[in-house]
Structures are given as structure tokens and as C-alpha cells.
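Below is one structure, written out as C-alpha cells; the observations come after it.
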Ligand SMILES: Nc1ncnc2c1ncn2[C@@H]1O[C@H](COP(=O)(O)OP(=O)(O)O)[C@@H](O)[C@H]1O
Ligand SMILES: [Mg+2]
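Protein chains in written order, with my numbering: chain E, 1 to 236; chain Y, 1001 to 1302.
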């Protein structure tokens, strides 16, 4: 098991945002976490990457308990994240944004290799490499955020709503690239409101509702589940 | 020229305010005392070497050596002071998620503590550090006379600022500073240790204040436990004037403030010097609230 979350509870002040969720990601999988706005998807991501302390429960990554580990140290272990809202550094060029993804790495050859891979996945970034991050379009920023996360050479890639604010064409494209990244050997945990795309791409998926996991199964099972269809797929 | 010289010292001190503000959104009031401790340390180190106001320094070699030693000692002492304030005072507050007001009070407290500590230790007496360089006119362009100390002050200050600018814009750690300034959470997701970057910022800002302290000693040959107060205020104004959080803004703001002050004291008399500086600041902020160059380290922080 690459990632194993057990009974995770997280609080914002007095408000409990996650009520003891459990979730697993196997090496090589694409796992989707779907849920409505405010369900706690981003909160879950922030717990995994260490940006928020957890109240109860445990997170084990690659055989190591990381529940209390500092966020920057989790990156070195192999947890890479493209955050909600993309978090592109606005005052840095595309190239600098990508370079900073490799901040903790010293393997020059490996970094050059990953940079090339990034540009192969997102040729657009190569064209824009000198442009300031803040001046990119939404779609380009999303590509940059994903590319930058790849530059950390993650074992587990966390994607928080990669389709947010993108045109349908681009959404299709970004999910194709996610599948491509996965087939190159990176395990992916993707959070989405766009359940249709996420479920059809994912090996397995979890449904999160107001801080609790209410369902899980293979992507296909959930696509065909009447209550999921009803709530998340926009078909009666 | 006198204005540029003073302005260069303001600018060096201003860098410390701007760096810390860019990363922490905190006005580090103790920075003026970081400067003050630099002036004393430089003087003490020279004193230990048997150099005082009456020492005759005859060779250029000895002069250069004393300046370099003073610079390193001042920069080191100021950097250590700045880091101590961060570790002892600010870091515990951050760990507890203290509100901004707590940081403000702590900053003022740290400033007073350091000033009073040196005040008690030195019996609040004024001191005259040796000036090392006998001031003399080096050359003149028309009516403008340029002295040897002015050349030294401007040269050292500009070199330091250029080096810092390159470091922040090009080096890996410089990128780390900008990343934390622009978006601390995302910076953590890149594997950047925020506390280490904050420490670095205090080291850099402190060292710059220490260099300013050496130049101050060479230029004025005077220090006192409260020498930091007015310089700090001026440097802080210079930082705001240029756009706080912006390194090049600190340079521009410092030089501008120095020149305007000197021009005004030439025009209205010396007692108007401090007055005009702040009038300039207030007027400029009315028209450009973010300063001349705006904010840049943390440009468009989310
Ligand atoms: N920084 C915060 N402080 C307080 N409450 C928060 C904070 N962030 C999120 N929440 C609350 O936690 C719940 C889950 O939010 P979030 O994880 O962002 O949901 P999602 O990503 O699924 O839309 C929401 O009720 C939200 O209002
Ligand atoms: Mg979210």
C-alpha cells in the first residue's frame, strides 16, 4: 500500500471538517475522491500533504507514519501536490516555477530529464517558459501546477480539482494527460467535482459527503451506481 | 553627494525591513537595534585591536584591512542579533498562531529591550568610533566635491545591494525566499522549509544592517545606544517609499530620501532635514499607496 489513511479527523477551530475517514491508494493506481463543494476534499488533500495538522487518526505513506511529519519533508518522501487554485507563483516565470518544483533535488540529470518530460506532456509550457506565471491563462496555470508537482518526482501525485474553471475541451485534455502520467508509473490521487471524467479515468474511487466517506468502489461501479448518478452525474 | 551617501546607508538598512516584511508581513521594529549593535561591535573590535580615535592609520593596507574586519564583524554581529530576535521572539509566536497585534507588540518590545540593554551596558554614553579614513576631497566635478568616504560608502553599499539582488533573483535559496513571500503554503508543497527561509531572511537583512553600521561609523564616527532609532525610522520610511517588500524599491527609496533631506536642509536649514523626509513620505503615499515601485517579493500574494 502506498498511502493508507485511517480514521482521520481534522478540525478547523471547533468545527470538525473530516469525521474519521479511511482511504487507501495502491501503488500504480489512479484513485478519485469525488464530492460536492464543501464536502472536505481539499481538507483531505491538505492533511495528506501536511499543510493542516490532524486531530485524530493516522496517515502512512510508503510504509512510514507521516501523520506528524512537516509538509516539506513529505515532499522529499515523494508526496507531490498540485493544490486547489493551482498556486502558481505569479511573480516567477514558467521556468522558475518548474525549477522550484525540483527545489529539494540535487540530481541534475534527473531534473533535466523530468523537465523534458514536462515539456513533452505540456508543449504549451515550453512556448511560455519565459512568461510570468501570473500572466498565464487558467488552463496554462493548471498545466504548470501539474508539471511543477511532477518536478518533485513524486511517488504519489495529489491533484486537487485539476479541471476547475477549464473549458470542456481542456478538461478532456487534462484527464488524458493524467492517464498518461499514470501509465508512465506515477500513482495518482485526484479530487474532483467533475465526477464523470474522474470516475471514467480512475481505477477506484471514494465518495465524500460532508466530511465522511459514504461510498467506494471501482470507477465503473460508481459510474453505474444509481445514487451516485443521481447526485453527481447530472442524470436522473 | 552627501545625500546619496546618507541615502545609501538608509537603503542598506531598509533592505532588512523589506526582506522580513516580504516573507512574514511583519514590521521588524527591532531591526534598528540590529543596526545599532553593528555600530558598537565594529567599534569594539577595532578597540580590541588597539585602534581608537587617536590612532594614526598611515598605510592603505592597514586601512583596507580595518574596514574589511569592521565590515565582517558588524555584519556578523547584526546577523546574529537579527536571528536571535527571530528565534527567541517571533518563532514561538508563529508556532502558536498568534495574531498580528502580538507580533507588533513583540517587535516593539524586542527593540526596546536591545536598546536598553546596550544603554545600560554603555551607561548611555555617546561613543566616537575611529573613522579609519581621514576625510578628504578625492575629486570635484564643477561645484560638486566628492570625498573619499563618500566613494567608499556608495561603492560598498551598491556592491552589497547588487549582490543581494542577484542572490534573491538567481540562486536556489533566493527562489525559495520569493516562493515563501508569494505563497507560503504552496512553497511548502515544493519541499521548502519555511522556517529555514525565514532564518535566511533575518541573516541577510541583519548582515546588510551590519554593513550599513560599518559605513555609518566611517562616515560619522559616532554611536550611542539609541542611534538606531532615527536611522531605523528613516530606513523604514525608505522601504515604504520605494514599495515595501521590494528590494530595488529600498535602494530607490533610500537614495531619494537621503537626497531630498539634504536638499531641504540646504534650502531651509539643517533643522528641517528630518521634517522634510517624512513630509515626502506622507505626500508620496497619498498618491501611490504601495510606494514607488510597488510590492514585488510577494507580488500578488494569494
Ligand atoms: N481555513 C478554513 N477555516 C475554516 N473552515 C474551513 C477552512 N477551509 C475549509 N473549511 C470548511 O471545511 C469544509 C470542507 O472544505 P473543503 O475541504 O475546502 O471542501 P471541498 O474541497 O470539498 O470543496 C467546508 O465546510 C469549509 O467551509
Ligand atoms: Mg476544494
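Note that beta-carbon positions come from the ideal geometry of N, C-alpha and C, so glycine has one too.
Open item on the list: Would you say the beta carbon of residue 159 of chain E is closer than 8 Å to some non-hydrogen atom of ligand 1?
Closed with: The residue given as residue 159 of chain E occupies position 159 in the first chain. When distances are taken from the beta-carbon of residue 159 of chain E to the heavy atoms of ligand 1, even the shortest one reaches 8 Å or more.
Open item on the list: Suppose only complete runs of 3+ residues qualify. What are the beta strand (DSSP E) ranges in the stretch 155-226 of chain E, listed by chain order?
Closed with: Those beta strand (DSSP E) runs which fall completely within the stretch 155-226 of chain E and span 3+ residues are 156-160, 187-192, 204-209, 212-218.
Task: Buried/exposed call for residue 1139 of chain Y, threshold 16 Cβ in 10 Å - done: The residue labelled residue 1139 of chain Y in the question sits at position 139 within the second chain. Burial call: exposed.
- [ ] Check each residue's C-beta against every heavy atom of ligand 1 and list, in chain order, those closer than 5 Å.
- [x] Ordered along the chain, the selected set is E:12, E:17, E:37, E:38, E:39, E:40, E:41, E:42, E:43.
TODO: Taking only heavy atoms of ligand 2 into account, decide whether any of them is closer than 8 Å to the Cβ of residue 191 of chain E.
DONE: Within the first chain, numbered from 1, the residue matching residue 191 of chain E stands at position 191. Distances taken from the Cβ of residue 191 of chain E to the heavy atoms of ligand 2 include one shorter than 8 Å.
TODO: Check whether the Cβ atoms of residue 34 of chain E and residue 146 of chain E lie closer than 9 Å to each other.
DONE: On the first chain, residue 34 of chain E is found 34 positions in, with the first residue counted as 1. On the first chain, residue 146 of chain E is found 146 positions in, with the first residue counted as 1. Here residue 34 of chain E is not near residue 146 of chain E, since their CB atoms are 9 Å or more apart.
- [ ] Would you kindly work out how many angstroms separate the C-alpha atoms of residue 155 of chain E and residue 73 of chain E, rounded to a whole number?
- [x] Within the first chain, the letter at position 155 stands for residue 155 of chain E. Within the first chain, the letter at position 73 stands for residue 73 of chain E. Their backbone Cα atoms lie some 14 Å apart in a straight line.
Task: Environment of residue 1124 of chain Y [buried if 16+ CB atoms lie within 10 Å] - done: Working through the second chain from its first residue, we reach residue 1124 of chain Y at position 124. Residue 1124 of chain Y counts as exposed, since fewer than 16 other beta carbons sit within 10 angstroms of its beta carbon.
Open item on the list: Quick check on the burial criterion: 16 or more other C-beta atoms within 10 angstroms. Buried or exposed for residue 187 of chain E?
Closed with: Mapped onto the first chain, residue 187 of chain E falls at position 187. Buried, because 16 or more other Cβ atoms sit within 10 Å of the Cβ of residue 187 of chain E.
- [ ] For my contact list, residue 78 of chain E and residue 62 of chain E are in at a C-beta cut-off of 8 Å; report their separation, rounded to the angstrom.
- [x] Taking the first residue of the first chain as 1, we reach residue 78 of chain E at position 78. Taking the first residue of the first chain as 1, we reach residue 62 of chain E at position 62. That belief holds up - the Cβ atoms of residue 78 of chain E and residue 62 of chain E are roughly 7 Å apart, short of 8 Å.
Task: Those runs of the beta strand (DSSP E) which lie wholly inside the stretch 1167-1219 of chain Y and span at least 3 residues - done: Fully enclosed beta strand (DSSP E) runs of 3 or longer: not present.
- [ ] Would you kindly report the start and end of the unbroken beta strand (DSSP E) that includes residue 47 of chain E?
- [x] Within the first chain, residue 47 of chain E is the residue found at index 47, counting from 1. Looking at the DSSP string, residue 47 of chain E is not in any beta strand (DSSP E); the run it does join, the alpha helix (DSSP H), is 41-49.
Task: Coarse secondary structure for residue 1053 of chain Y, derived from DSSP in three states - done: Residue numbering aside, residue 1053 of chain Y sits at position 53 when the second chain is read from its first letter. If DSSP states are grouped into helix, strand and coil, residue 1053 of chain Y belongs with coil.
Open item on the list: The beta strand (DSSP E) that contains residue 4 of chain E, what's its start and end?
Closed with: Numbered from 1 along the first chain, position 4 holds the residue referred to as residue 4 of chain E. 3-12 is the span of the beta strand (DSSP E), which, as asked, contains residue 4 of chain E.
- [ ] Within the same chain, show all residues whose beta-carbon is closer than 6 Å to that of residue 1281 of chain Y, passing over the 5 residues directly before and after it, in chain order.
- [x] Locating residue 1281 of chain Y in the second chain gives position 281, where the first residue counts as 1. Excluding sequence neighbours, residue 1281 of chain Y sits near 1237, 1241.
Open item on the list: Suppose the cutoff is 6 Å on Cβ atoms and the five residues either side in sequence are ignored; what does the same chain contact list for residue 236 of chain E look like?
Closed with: If you number the first chain from 1, residue 236 of chain E lands on position 236. For residue 236 of chain E, the predicted model reports a pLDDT of 42, less than 50, meaning its position is unreliable; a value from the coordinates is still stated below. Cβ neighbours of residue 236 of chain E beyond the five flanking positions: none.
- [ ] Go to residue 81 of chain E, then tell me how far its beta strand (DSSP E) extends in each direction, as first and last residue.
- [x] In the first chain, the residue the question calls residue 81 of chain E occupies position 81. Taken as a continuous stretch (DSSP letters only), the beta strand (DSSP E) holding residue 81 of chain E covers 79-82.
TODO: Closer than 9 Å, Cβ to Cβ, to anything on chain E: give me those residues from the stretch 1173-1187 of chain Y, in chain order.
DONE: Taking 9 Å as the cut-off between beta carbons, the residues of the stretch 1173-1187 of chain Y near chain E are 1175, 1176, 1178, 1179, 1181, 1182, 1183, 1185, 1186, 1187, in sequence order.
Open item on the list: Just checking residue 84 of chain E against ligand 2 - is the residue's beta carbon closer than 8 Å to any of the ligand's heavy atoms?
Closed with: Translated into the one-based positions of the first chain, residue 84 of chain E becomes position 84. Yes, ligand 2 has a heavy atom inside 8 Å of this Cβ.
Task: Start-end ranges of the alpha helix (DSSP H) lying completely within the stretch 95-163 of chain E, minimum 4 residues - done: Taking only runs of at least 4 residues, the alpha helix (DSSP H) segments lying wholly in the stretch 95-163 of chain E are 108-121, 123-127, 138-150.
TODO: State the Cα-Cα distance for the pair residue 1274 of chain Y and residue 52 of chain E, rounded to the nearest angstrom.
DONE: As a first step, residue 1274 of chain Y is located in the second chain; it is residue number 274 there, counting from the start. As a first step, residue 52 of chain E is located in the first chain; it is residue number 52 there, counting from the start. Approximately 47 Å between the Cα atoms of the pair.
Task: Rounded C-alpha distance that separates residue 1301 of chain Y from residue 1183 of chain Y - done: Translated into positions along the second chain, residue 1301 of chain Y becomes position 301. Translated into positions along the second chain, residue 1183 of chain Y becomes position 183. In this predicted model, residue 1301 of chain Y has a pLDDT of only 41, less than 50, meaning its place in the structure is not dependable; the value taken from the coordinates is given anyway. The alpha-carbon atoms of residue 1301 of chain Y and residue 1183 of chain Y are separated by roughly 6 Å.
Open item on the list: I'd like to check one pair, residue 1007 of chain Y with residue 1255 of chain Y: are the Cβ atoms closer than 9 Å?
Closed with: Locating residue 1255 of chain Y in the second chain gives position 255, where the first residue counts as 1. Locating residue 1007 of chain Y in the second chain gives position 7, where the first residue counts as 1. Residue 1255 of chain Y places its beta carbon less than 9 Å from that of residue 1007 of chain Y.
TODO: May I have the straight-line CA-CA distance separating residue 95 of chain E from residue 152 of chain E, to the nearest angstrom?
DONE: For this step, residue 95 of chain E is matched to residue 95 along the first chain. For this step, residue 152 of chain E is matched to residue 152 along the first chain. Their backbone Cα atoms lie some 14 Å apart in a straight line.
Task: the stretch 1198-1207 of chain Y / the stretch 1072-1086 of chain Y touching (three or more Cβ pairs under 8 Å) - done: Yes, since at least three Cβ pairs between the stretch 1198-1207 of chain Y and the stretch 1072-1086 of chain Y fall closer than 8 Å, the two stretches touch.
Open item on the list: DSSP has residue 34 of chain E in a bridge; who is on the other side?
Closed with: The residue you call residue 34 of chain E lines up with position 34 of the first chain. In DSSP, residue 34 of chain E forms a bridge with E:192, E:207.
Task: N- and C-terminal bounds of the beta strand (DSSP E) containing residue 1239 of chain Y - done: Here residue 1239 of chain Y corresponds to residue number 239 of the second chain, with the count starting at 1. Looking at the DSSP string, residue 1239 of chain Y is not in any beta strand (DSSP E); the run it does join, the alpha helix (DSSP H), is 1227-1242.
- [ ] Taking C-beta pairs closer than 9 Å, name the residues in chain E that residue 1093 of chain Y reaches, listed in chain order.
- [x] As a first step, residue 1093 of chain Y is located in the second chain; it is residue number 93 there, counting from the start. Ordered by position in chain E, no residue passes the 9 Å Cβ test against residue 1093 of chain Y, which lies about 17 Å from the chain.
- [ ] Starting from residue 1064 of chain Y, trace the beta strand (DSSP E) both ways and give me its first and last residue.
- [x] As a first step, residue 1064 of chain Y must be located in the second chain, where it is residue number 64. Per DSSP, residue 1064 of chain Y belongs to no beta strand (DSSP E); it is in the alpha helix (DSSP H), 1060-1085.
Open item on the list: For the stretch 28-42 of chain E against the stretch 98-118 of chain E, do three or more pairs of beta-carbon atoms, one drawn from each stretch, fall closer than 8 Å, so that the two count as touching?
Closed with: Segments in contact, no.
TODO: Quick one: residues in its chain with C-beta nearer than 7 Å to the C-beta of residue 1078 of chain Y, no 5 flanking neighbours on either side, listed in chain order?
DONE: In the second chain, residue 1078 of chain Y corresponds to position 78, counting from 1. These residues qualify, in order along the chain: 1034, 1035, 1037, 1038, 1206, 1207, 1209, 1210, 1213.
- [ ] Answer with buried or exposed for residue 1191 of chain Y, where buried requires no fewer than 16 other C-beta atoms within 10 angstroms of its C-beta.
- [x] Working through the second chain from its first residue, we reach residue 1191 of chain Y at position 191. Counting C-beta atoms within 10 angstroms of its own C-beta, residue 1191 of chain Y has 16 or more neighbours from the protein chains shown and is therefore classed as buried.
Open item on the list: Just to confirm my understanding: we take residue 149 of chain E, look at its own chain, exclude 5 residues before and 5 after, and list those with CB closer than 7 Å. What are they?
Closed with: Reading the first chain from its first residue, position 149 is the one you call residue 149 of chain E. In its chain, beyond the 5 residues on either side, 80, 81, 82, 101, 157 have a beta carbon closer than 7 Å to the beta carbon of residue 149 of chain E.
Task: Residues of its chain near residue 1229 of chain Y, where Cβ-Cβ distance is below 7 Å and the 5 sequence neighbours each way are ignored - done: Within the second chain, numbered from 1, the residue matching residue 1229 of chain Y stands at position 229. Within the same chain, residue 1229 of chain Y has close Cβ partners 1032.
TODO: Report the residues of the stretch 99-121 of chain E with a CB closer than 9 Å to any CB of chain Y, ordered along the chain.
DONE: Answer in chain order: 99, 100, 101, 102, 103, 104, 105.
TODO: Tell me, please, whether the CB atom of residue 1191 of chain Y is closer than 9 Å to any CB atom in chain E?
DONE: Taking the first residue of the second chain as position 1, residue 1191 of chain Y is located at position 191. Yes, residue 1191 of chain Y counts as interfacial toward chain E.
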